[in-house]
Amino acid sequence: MVFLAVYAKKTTDYEYSVTNQLIEKSRFRHFIKVPELAACYSQITDFRTAEMVGVDRPTAVHQLVNIKPTEQQAAFTENLIKFAASGDGTLLGRGPLSETEERARMLIATNYSKKSALDMRLIDPTSGDHPNSKVSQAAAVISRHYQESNPFKGTQLVFCDLGTPSGTSLFSVYDALKTKLIQEYGLPANEIRFIHEARNDSQSRQIIRDTNEGRIRVLMGSTEKLGTGVNAQKHIVAMHHLDVPWKPSDFEQRVGRGVRAGNETAKEHFGNQVQNYVYAVERTLDNFMFNLLQNKALFISQIKSQNLSVRRIDEGGLDETNGMNYAEYVALLSGNKDLLEKAKTEKQIAGLESERSIFKKDMASQRRSFYTLEKTLERVGEVLEKLKADQNLLYGNDQVKRPLVEEEKIEGLGITMLTAQQKSIVGIAKIASFKGFELSVDTFRFDGHTQHKWDVRSPNGIVYRHNNGYLNSEKIRTVGEYVNKATSIEQMAKLTKQQQDRLEELTWDLKIASEAQNKPWPKEGKLRELKTSLSEIEKRLTESLKPTKESTDLSPESEPQNQSVKQENIRESERVTVGAPTTIVSAAIRPRIRG
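Residue numbers (the UniProt record's numbering): 1 to 595.
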């Protein structure tokens, strides 16, 4: 709880429950004090991604296959909503709930909803095969990839955690998909296998070897058996997810079977890309699953990356690849146009507020620059005046060359110089003065040796040097000649020209900075319009929630209701999300392969 109090923030937002009701739900959606949290995490981990270390592997092209629910699925969802409210088991075709089952009512609803989203035959084995089911849609896509990759022995993995083959089940999603691939699409039966067929490690390894060599072209399995530790990537061209796992790490492990170094077929024949299909039915538990993945994936991925300068992470804003984020997935699958519009509008607002934040920081920087430029310009002007005064002091109005150290004084100055250097006292010592110009030497130790640096300071405070302050030799005449060269009319003219050039440059920079610091942000009106639009959308959503306001805790992951949490709409300027490029494929349209 201490961790949550310091680094997390609970907010209320619109979500879909396990029965597909739109509800207001309080969750920990936001990490705050992100830099401190990332620093704490980095002290105990050394996190590296494949991109960080430059692993040569294919890119996953994510494609969401959006499927309309069948009439039977839609009717069953309505019964699930009634069951969640009443606990009447007969609505689901079962007897009354026991006392124990009553306490686990939402868990029961969750299991039934997961099954109905996958295939209604998992609930009622007598239900018929539907042409718009996940099995039918997946079979069509798998068959097409099979034919197109046939010359290269392209393989495909199918992931499904429900409906696995067993001797006791009346219906298996695996068997239904295999049968459809064989009977309707003519795929050879011996090239379609289940990882569950293996009875021991030796058989499992053989199935994986056969897949890796292209002898098995379609391999089906669960996340546990096929999603972790399987190296069969040599010919993988596509992966298919018939259901959605609870954890982002499970999904990453699934995708990692094909997006892996050593995928020769993808690299040589398909542009180093692997197609990754997620099959999801509108208005089913798929919405709820995507909601959970949204919160979990964002928090985990962004903290691990440790590439953050923001103070807060939440689920809004553009993702790192400008693709669709989980919030948009949920909205798309739900069929609720207002929720989809809300997700899109929030995404635009987050992007614009991020732009505005950067703009404001730039304006603050411009104002600081303007102030600095003003002060610098003032100092350069003062230096020019002092240089002019020094020239007049030494050379008069006629600007005739006159050495500062006259010939008869050069040798005497040289003796003084040698005496000062022989003392080798570390520090600055005044040596002589000519017409108000003071000659001093700075004695210091460097690399085990005594060094001397000479300055000529004018009455106006300008320091003149020749050869960066070092004498060419220690001869008697050297220091006198040094002083005359440092204060020569040519040297003063050179310094004056440098300062005049700098003055012109600073004047121009000051003009630009002055114009820039007063420039308004050009997208303020657009942001205001979007915020107004969002308020209207949220108002409509709130109105639609009124009939179900009392049943706002239908989630199996619900928090205790004795906590009073204010609804917050947090749309700060610095937002970070993590996502991946996604193609939406309608079930009514024949899917196409990108690459």
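Where a beta carbon is used, it is the ideal one built from N, C-alpha and C, also for glycine. Being a predicted model, the structure only gives us computed values, none of them experimental.
Item: Kindly indicate the opening and closing residues of the alpha helix (DSSP H) around I208.; Value: 201–212
Item: Give the DSSP bridge partners of G221, in chain order.; Value: F159
Item: Counting Cβ pairs closer than 8 Å, one from the segment 138–149 and one from the segment 225–233, do we hit at least three?; Value: no
Item: Along the chain, where does the alpha helix (DSSP H) containing F270 start, and where does it finish?; Value: No alpha helix (DSSP H) contains F270, which DSSP labels as neither H nor E.
Item: Taking L439 as part of the beta strand (DSSP E), name the residues at either end of that continuous run.; Value: 437–446
Item: On a CA-only basis, which of I108, S127, A364 is nearest W521? Give me that one, please.; Value: A364
Item: Is it the case that the segment 487–501 contacts the segment 424–432, given that we only count it when at least three CB pairs across the two stretches are under 8 Å?; Value: no
Item: Comparing C-alpha positions only, which one of Y7, V479, A176 sits nearest to E407?; Value: V479
Item: Could you compute how far the alpha carbon of Q391 sits from the alpha carbon of R368?; Value: 35 Å
Item: When we look at the beta-carbon of N190 and count the other beta-carbons within 10 Å, is it buried (16 or more) or exposed?; Value: exposed
Item: Rounded to the nearest angstrom, how far is the Cβ of K242 from that of Y279, given a contact under 8 Å?; Value: Checking the sequence, you will find Leu at residue 242 rather than Lys. That pair is a contact at about 6 Å.
Item: Just curious, the alpha helix (DSSP H) that I192 is in, first and last residue?; Value: Per DSSP, I192 belongs to no alpha helix (DSSP H); it is in the beta strand (DSSP E), 192–194.
Item: Which ranges would you report for the alpha helix (DSSP H) in the segment 56–129 if only whole runs of at least 4 residues count?; Value: 71–86, 99–103, 105–118
Item: DSSP three-state label for S514, please.; Value: helix
Item: Does DSSP classify K10 as helix, strand or coil?; Value: strand
Item: Where does E36 fall in DSSP's three states?; Value: helix
Item: CA-CA distance, R57 and A261?; Value: 4 Å
Item: Drop a sphere of 10 angstroms on the beta-carbon of S309, count the other beta-carbons inside from all chains shown, and report buried for 16 or more, exposed for fewer.; Value: A caution first: S309 carries a pLDDT of 48, below 50, which makes its placement in the model too unreliable to give a value.
Item: Looking only at DSSP bridge pairs, what is D455 linked to?; Value: S440
Item: What did DSSP end up calling residue 668 once you bin it into helix, strand or coil?; Value: Past the boundaries of the shown model lies residue 668; the chain is included only from 1 to 595, so the question cannot be answered.
Item: Is Y277 buried or exposed, if buried means 16 or more other CB atoms sit within 10 Å of its CB?; Value: buried
Item: Sort N132, Q63, I182 by Cα distance to Q73 and report the nearest one.; Value: N132
Item: Distance check for L510 and V380, CA to CA, integer angstroms please.; Value: 13 Å
Item: Within this structure, are the beta carbons of S116 and T284 separated by less than 8 Å?; Value: yes
Item: I think K539 touches I349, with their Cβ atoms under 8 Å apart; what is that distance to the nearest whole Å?; Value: So it is not a contact: roughly 16 Å between Cβ atoms.
Item: What residue does the alpha helix (DSSP H) around A176 start on, and which one ends it?; Value: 173–183
Item: By alpha-carbon positions, which one of P403, Q491, Q275, R356 ends up nearest to Q63?; Value: Q275
Item: Buried or exposed for residue 606, going by 16 or more other Cβ atoms inside 10 Å?; Value: Not covered by the structure: residue 606. The range shown for the chain is 1 to 595.
Item: Give me the residue from Q183, T45, L393 with the minimum Cα distance to S136.; Value: Q183
Item: Please look up how many angstroms separate the CB atoms of P165 and D175, rounded, as I've assumed it's under 8 Å.; Value: 6 Å
Item: Comparing alpha-carbon positions, which option in K388, G221, M239 lies nearest M492?; Value: K388
Item: So the beta strand (DSSP E) K475 belongs to, where does it begin and stop?; Value: Where K475 is concerned, there is no enclosing beta strand (DSSP E), given that its DSSP letter is neither H nor E.
Item: Within this structure, are the beta carbons of K435 and L393 separated by less than 8 Å?; Value: yes
Item: Tell me where the beta strand (DSSP E) around I44 begins and ends.; Value: Here I44 belongs to no beta strand (DSSP E), and DSSP marks it neither H nor E.
Item: Here's the rule I'm using: 16 or more other beta-carbon atoms within 10 Å means buried, otherwise exposed. How should H466 be labelled?; Value: buried
Item: If you draw a straight line from the alpha carbon of A420 to that of W454, how long is it in whole angstroms?; Value: 12 Å
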